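Participant: Mind looking over this structure? Questions follow.
There are 2 protein chains.
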Amino acid sequence: MALSDKQRELIEEIGIYHENNGFQPAVARVVGLLLVSDKPELSFDEISEALNISKSATSNALNMLLNTGHIEYTTFSGDRKRYFKIKSSNWRDLFNKKMDDLSALNDLLKRVLEVRKRESPAYDVQLRSFISFLDYLKQQLPSLIEQWEEKTRKERA
Amino acid sequence: MALSDKQRELIEEIGIYHENNGFQPAVARVVGLLLVSDKPELSFDEISEALNISKSATSNALNMLLNTGHIEYTTFSGDRKRYFKIKSSNWRDLFNKKMDDLSALNDLLKRVLEVRKRESPAYDVQLRSFISFLDYLKQQLPSLIEQWEEKTRKERA
DNA sequence: TATTTAGTTCAGTAATTTATGAACTAACGA
DNA sequence: TCGTTAGTTCATAAATTACTGAACTAAATA
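Residue numbers (our numbering), protein chains in the order written: chain A, 119 to 275; chain B, 119 to 275.
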């Protein structure tokens, strides 16, 4: 598992990114490694050694990522190892998760309006406006995706 | 500082939401309280008492939120207290932060393509596609916002 | 059947994060 | 000038999180 300095650096940066998104450090590094490594599929031991983390940490990280659908693995007959790789469908999921998170926020904010009793409705104006924007965004997103698909279709032609 | 059960509940839920977005628990609860409370502005002591957190935790939370531009305060002559409230401009900022985060991810992914040496370009197809989508989204967002503003302008008329 | 491989499990610890309480400061008001 | 108010600061404690190493399992291979 030869990794250039640039690769190691990027693994850490991707690691920190995913840490900030709620992943455990070791889990986040595994994602980084699988993204950045020249080989698209890595074995348990390759991961453990490349990142210099214990077998337990590796096991924990891989199972967590398998359970959450971030990675998957392939096998080869006559080889007992599993080879782990990023689930490529995961990009869309990852984006959807971000959008779901905004949606969750929006639900909370709608409840804020229901629950608090402010003297004047003036206090609610900004909040209502933000809620309305998030609703609009959510509604428009599908057609935005369609437009993008249309555009890429044309570009390939 | 009378808070209904529903208000307390919502403060916790908003708290958990913001914890998941990287805020410290106490900080996240302060945001929840300022959102949910009937009074739009609360003093240091009111916050400390309503959330049942120490003065140091309160001080820490308020200063952190002031520094990051999430809250601001007003004062009244003849009253030494500061009254803290959510910065309403903050909604747009909060959304922008989410988008910036996606943008940061996109930058990392572009670097992934530069750094790794995959045998076949086939491995890069999905990733390139996701990058292209994020670029498109970023580019389209301003006009999406404009459209929404246009729509709300019409609705008010 | 014995050995190696590919992991898993879990108790314990290291590291990190978060909150407390007590002592302090700075400004105001009596 | 003395007390009170409105906080701040910091050492420390408590809680939580993340990782390790050792012992284990289950299947495959010799």
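For every residue, glycine included, the Cβ atom is placed at its ideal position computed from N, Cα and C. None of these values were measured; they are calculated from a predicted model.
What do you reckon, are the CB atoms on B/A168 and B/V145 nearer than 7 Å?
Facilitator: Residue 168 of chain B sits at position 50 when you count from the first residue of the second sequence. Residue 145 of chain B sits at position 27 when you count from the first residue of the second sequence. Against a cut-off of 7 Å, the Cβ pair of B/V145 and B/A168 comes out as no contact.
Participant: Note down, in chain order, each residue of its chain lying with its Cβ closer than 6 Å to the Cβ of A/G133, except the 5 sequence neighbours on either side.
Facilitator: On the first sequence, residue 133 of chain A is found 15 positions in, with the first residue counted as 1. The answer, listed in chain order, is A146, R147 and G150.
Participant: Classify A/F162 as helix, strand or coil using the three-state DSSP reduction.
Facilitator: As a working note, residue 162 of chain A is residue 44 in the first sequence. Here A/F162 sits in helix by DSSP.
Participant: What three-state label does DSSP hand B/K203 in the structure shown?
Facilitator: In the second sequence, the residue the question calls residue 203 of chain B occupies position 85. Three-state result, B/K203: strand.
Participant: Which residues in chain A have a C-beta closer than 7 Å to the C-beta of B/R147? List them in chain order.
Facilitator: Taking the first residue of the second sequence as position 1, residue 147 of chain B is located at position 29. Neighbours of B/R147 on chain A: none; closest Cβ ~14 Å, over 7 Å.
Participant: From the beta carbon of A/L153, is the nearest beta carbon of chain B less than 7 Å away?
Facilitator: Here residue 153 of chain A corresponds to residue number 35 of the first sequence, with the count starting at 1. So yes, A/L153 belongs to the interface.
Participant: Express the C-alpha separation of A/P158 and A/K256 in angstroms, rounding to a whole number.
Facilitator: Walking along the first sequence from the start, residue 256 of chain A turns up at place 138. Walking along the first sequence from the start, residue 158 of chain A turns up at place 40. Distance between the alpha carbons of A/K256 and A/P158: 34 Å.
Participant: Which residues does DSSP list as the beta-bridge partners of A/D291?
Facilitator: With chain A represented from 119 up to 275, any question about residue 291 of chain A goes unanswered, as that position is not in the structure.
Participant: Indicate whether at least one CB of chain A lies closer than 7 Å to the CB of B/L226.
Facilitator: Position 108 of the second sequence holds residue 226 of chain B. By this cut-off, B/L226 is an interface position.
Participant: Per DSSP, what kind of secondary structure is B/I189 in: helix, strand or coil?
Facilitator: Walking along the second sequence from the start, residue 189 of chain B turns up at place 71. Correct three-state label for B/I189: strand.
Participant: Would you call A/T176 buried or exposed, if buried means 16 or more other Cβ atoms sit within 10 Å of its Cβ?
Facilitator: Numbered from 1 along the first sequence, position 58 holds the residue referred to as residue 176 of chain A. When all chains shown are included, A/T176 counts as buried.
Participant: How should A/K205 be labelled, buried or exposed, when 16 other C-beta atoms within 10 angstroms of its C-beta is the threshold for buried?
Facilitator: Residue mapping note: residue 205 of chain A aligns to position 87 of the first sequence, counting from 1. So A/K205 ends up on the buried side.
Participant: Quick check on this structure: which residue in A/D197, A/F251, A/S166 and A/R210 has the alpha carbon closest to the alpha carbon of A/G187?
Facilitator: Looking up residue 187 of chain A in the first sequence gives position 69. Looking at the Cα atoms, A/R210 is the closest of the given residues.
Participant: Going by beta carbon distance, what residues of the same chain come within less than 7 Å of B/L252, once the five residues before and after it are set aside?
Facilitator: Working through the second sequence from its first residue, we reach residue 252 of chain B at position 134. Excluding residues within five positions, the ones whose Cβ falls inside 7 Å are L220 and N224.
Participant: Determine the extent of the alpha helix (DSSP H) in which B/P260 is found, giving its start and end residues.
Facilitator: As a working mapping, residue 260 of chain B is identified with position 142 in the second sequence. Per DSSP, B/P260 belongs to the alpha helix (DSSP H) from V243 to R274.
Participant: So, is A/S207 buried or exposed, given that buried needs 16 or more other C-beta atoms within 10 angstroms?
Facilitator: The residue given as residue 207 of chain A occupies position 89 in the first sequence. Result: exposed.
Participant: Quick one: using the 10 Å Cβ neighbour count with 16 as the cut-off for buried, is B/F202 buried or exposed?
Facilitator: Start at 1 with the first residue of the second sequence, and residue 202 of chain B comes out as number 84. B/F202 comes out buried.
Participant: B/E237 by DSSP, collapsed to three states: which one?
Facilitator: As a first step, residue 237 of chain B must be located in the second sequence, where it is residue number 119. Coil at B/E237, not helix or strand.
Participant: Does DSSP put B/I132 in a helix, in a strand, or in coil?
Facilitator: Taking the first residue of the second sequence as position 1, residue 132 of chain B is located at position 14. In this structure, B/I132 counts as helix in the three-state DSSP scheme.
Participant: Taking a Cβ distance cut-off of 7 Å, strictly less, list which residues of the segment 175 to 200 of chain B are near chain A, in chain order.
Facilitator: So nothing in the stretch comes that close.
Participant: Note down, in chain order, each residue of its chain lying with its Cβ closer than 8 Å to the Cβ of A/E130, except the 5 sequence neighbours on either side.
Facilitator: Within the first sequence, residue 130 of chain A is the residue found at index 12, counting from 1. For A/E130, where only same-chain residues beyond five positions count, the Cβ hits under 8 Å are R147 and G150.
Participant: As a quick exercise: from B/S155, B/A275, B/E232 and B/S195, pick the residue whose alpha carbon is nearest that of A/Q125.
Facilitator: On the first sequence, residue 125 of chain A is found 7 positions in, with the first residue counted as 1. For the residues B/S155, B/A275, B/E232 and B/S195, the minimum Cα distance to A/Q125 belongs to B/E232.
Participant: Using beta-carbon positions only, say whether A/R234 and B/V230 come within less than 7 Å of one another.
Facilitator: Position 116 of the first sequence, counted from the start, is the residue given in the question as residue 234 of chain A. Position 112 of the second sequence, counted from the start, is the residue given in the question as residue 230 of chain B. Their beta carbons are not under 7 Å apart, which means A/R234 does not touch B/V230 by this criterion.
Participant: Which stretch, first to last residue, makes up the alpha helix (DSSP H) that contains B/G140?
Facilitator: Position 22 of the second sequence, counted from the start, is the residue given in the question as residue 140 of chain B. Unbroken run through B/G140: none, as it is neither H nor E.
Participant: Kindly indicate which residue of A/F162, A/Q258, A/E264 and A/L128 has the alpha-carbon position closest to the one of B/L262.
Facilitator: For the purposes of this step, residue 262 of chain B is identified with residue 144 of the second sequence, where counting begins at 1. Of the listed residues, the one whose Cα sits closest to B/L262 is A/Q258.
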